[in-house]
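Asker: Mind having a look at this structure? Questions to follow.
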Amino acid sequence: MNAPVKISIAAGTGIALAFAAGVTTASAAPKEKCYGIALAGENGCANLSKTHSCQGTSKVDYAVDDWKLVPKGTCATTVITDKDGVERAGMTKKQAKAAMKM
Numbered sequence: 132m133n134a135p136v137k138i139s140i141a142a143g144t145g146i147a148l149a150f151a152a153g154v155t156t157a158s159a160a161p162k163e164k165c166y167g168i169a170l171a172g173e174n175g176c177a178n179l180s181k182t183h184s185c186q187g188t189s190k191v192d193y194a195v196d197d198w199k200l201v202p203k204g205t206c207a208t209t210v211i212t213d214k215d216g217v218e219r220a221g222m223t224k225k226q227a228k229a230a231m232k233m
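If you want my numbering, it's the 1-based position in the sequence shown plus 131.
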């Protein structure tokens with residue numbers, strides 16, 4: 132193998148390893164459950180009302196009792212606009228439980 136090919140392979144390997152390390156670091160960042168912002172089929176595991184217990188099984192967009200993981204500290208500032216144009220902010224578990232009682 133000639134020198135330019137070896138350099139190209141080494142550079143490509145280095146870039147791939149750096150990218151993989153960055154992906155691992157990003158996915159290991161602290162997360163929190165954020166209620167009321169998950170689209171149908173994109174929820175985390177069991178919901179608060181116990182109508183399902185599996186990830187990706189919600190049937191309704193933005194159900195108050197369903198959650199998804201977001202970067203820690205961002206739930207309260209996560210705002211979605213539903214199909215009716217209503218803006219909704221993400222909620223903590225306590226807020227979601229209170230909203231369910233309304």
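Just so you know, even glycine gets a beta-carbon here, dropped at the ideal spot from N, CA and C.
Looking at the secondary structure, which residues open and close the beta strand (DSSP E) in which Ala220 lies?
Answerer: 218 to 220
Asker: Distance, Cα to Cα, Leu200 vs Cys165?
Answerer: Straight-line Cα distance between these residues: approximately 6 Å.
Asker: Please report the straight-line C-alpha distance between Lys162 and Pro202, rounded to a whole angstrom.
Answerer: 4 Å
Asker: Do Lys216 and Ala207 have their C-beta atoms closer together than 8 Å?
Answerer: For clarity, residue 216 is Gly in the given sequence; the question names Lys instead. It is not a contact, given that the beta carbons lie outside the stated cut-off.
Asker: Which whole-angstrom value describes the C-beta separation of Ser189 and Gly172, a residue pair presumed to lie in contact below a C-beta threshold of 8 Å?
Answerer: 6 Å
Asker: If you drop the 5 nearest sequence neighbours on each side, which residues of the same chain put their C-beta closer than 7 Å to that of Ala227?
Answerer: Tyr166, Gly167, Leu179, Val195, Asp196
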